[in-house]
Amino acid sequence: MGSSTSNRKLMLHLLRPTLSRLGWQCIESFTNVDGGDIDTAGLIAVLDIQNGINGWAKATSTAIPQELDKYFEKINSANLVLGFGLTPAMISLLERKAIPSLDFEVSPLRFGTNLFWSARTNHRGIRQALESIEIFDEFFWNEAASLSAALAWRGIRTVGEPQKTYSIFIGQMPIDLSLVADGSICSINDHKDMIEDYFSDVDEVLFSPHPYDTSGEVFFKISQDISSIKLTSEKHIACCVRTLQRNFLLYRQVLLIKLISS
3 MGSSTSNRKL MLHLLRPTLS RLGWQCIESF TNVDGGDIDT AGLIAVLDIQ NGINGWAKAT
63 STAIPQELDK YFEKINSANL VLGFGLTPAM ISLLERKAIP SLDFEVSPLR FGTNLFWSAR
123 TNHRGIRQAL ESIEIFDEFF WNEAASLSAA LAWRGIRTVG EPQKTYSIFI GQMPIDLSLV
183 ADGSICSIND HKDMIEDYFS DVDEVLFSPH PYDTSGEVFF KISQDISSIK LTSEKHIACC
243 VRTLQRNFLL YRQVLLIKLI SS
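Per the working numbering, the very first residue in the sequence shown carries number 3; after that it's consecutive.
Next up, the structure:
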């Protein structure tokens with residue numbers, strides 16, 4: 003079980019009770035920087051990848067040759083690997099070694115009463131089991147309507163004016179795997195045309211920065227090209243209780259939600 007410290011602990015405490023009842027032993031495997039067993043610095047050095055953010059981005063998609071399997075002793079002996087946002091490099095390693103994997107992410111559909119998982123696997127049986135419990139988009143439409151009704155009943159105001167149409171741009175962390183494409187970190191400019199086109203048919207765009215992004219760099223860059231964009235400190239949900247015109251689009255580093263006033 004790997005990934006960042008907080009995500010790894012979340013996964014461990016969520017899944018370990020169930021796995022223990024099934025008689026499975028849950029063993030963590032993660033970077034030695036956080037006290038784990040994987041010599042990340044040694045692996046990076048052997049792969050001849052430079053240190054730093056750009057090196058990290060390249061490492062996420064660099065194939066790990068068989069002679070370096072020794073860096074992953076716990077994983078090599080695993081019957082099943084559970085991950086939280088496994089990198090393309092790790093997924094390729096598991097496929098090469100024919101080790102079943104189940105990789106989780108928090109679903110980008112955030113209008114439910116609870117958070118939901120998105121999951122992917124390289125095992126046909128696990129895939130069939132996941133497909134049997136798939137939650138379809140209609141559920142989230144109903145959840146969004148319930149949320150809107152609950153907020154309206156409590157008198158919580160929504161952002162914007164009824165006669166205008168809106169979109170919300172939810173920013174991403176400055177360093178995140180979703181920013182990486184083909185071993186390089188993407189920027190707003192890489193998707194400038196797509197973003198401009200997406201926001202071309204609304205009156206205003208509300209930009210809600212990621213809580214960990216305090217630099218304001220993303221907002222500054224996108225505001226140079228989209229004159230109708232405005233910075234908002236409102237919570238995402240408070241911004242999004244208007245009637246949904248279109249669902250969600252997760253495109254590498256940005257989560258775009260198209261809204262229209264009710």
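The beta-carbon is built from N, C-alpha and C at its ideal position, and this holds for glycine as well.
- N-terminal and C-terminal residue of the beta strand (DSSP E) that T167 is part of: T167 to I172
- Message: On the DSSP bridge list, what partners appear for L84?
- Response: L104
- Query: If L208 sits next to T167, beta carbons under 8 Å apart, how far is it from one beta carbon to the other, in whole angstroms?
  - Reply: Actually they are not in contact, since the Cβ atoms of L208 and T167 sit about 11 Å apart, beyond 8 Å.
- Spatial distance of F221 from S120 (CA atoms): 28 Å
- Query: With a cut-off of 8 Å, do at least 3 Cβ pairs link the stretch 54-71 to the stretch 18-38?
  - Reply: no
- Could you have a look at I40 and say whether DSSP puts it in helix, strand or coil? In the three-state scheme derived from DSSP, where H, G and I count as helix and E and B as strand, I40 is classed as strand.
- Message: For W26 and R122, I'd like the C-alpha separation in whole angstroms.
- Response: 21 Å
- Segment limits, alpha helix (DSSP H) that includes K232: Run containing K232: none in the alpha helix (DSSP H); it sits in the beta strand (DSSP E), I231 to L233.
- Evaluate the contact criterion for the stretch 106-115 versus the stretch 193-204: three or more CB pairs, one atom per stretch, below 8 Å. no
- Item | A43 versus N56 - alpha carbon distance | 15 Å
- Task: Less than 8 Å between the CB atoms is what I'm expecting for A91 and T62, so what's the real figure, rounded?
- Result: 6 Å
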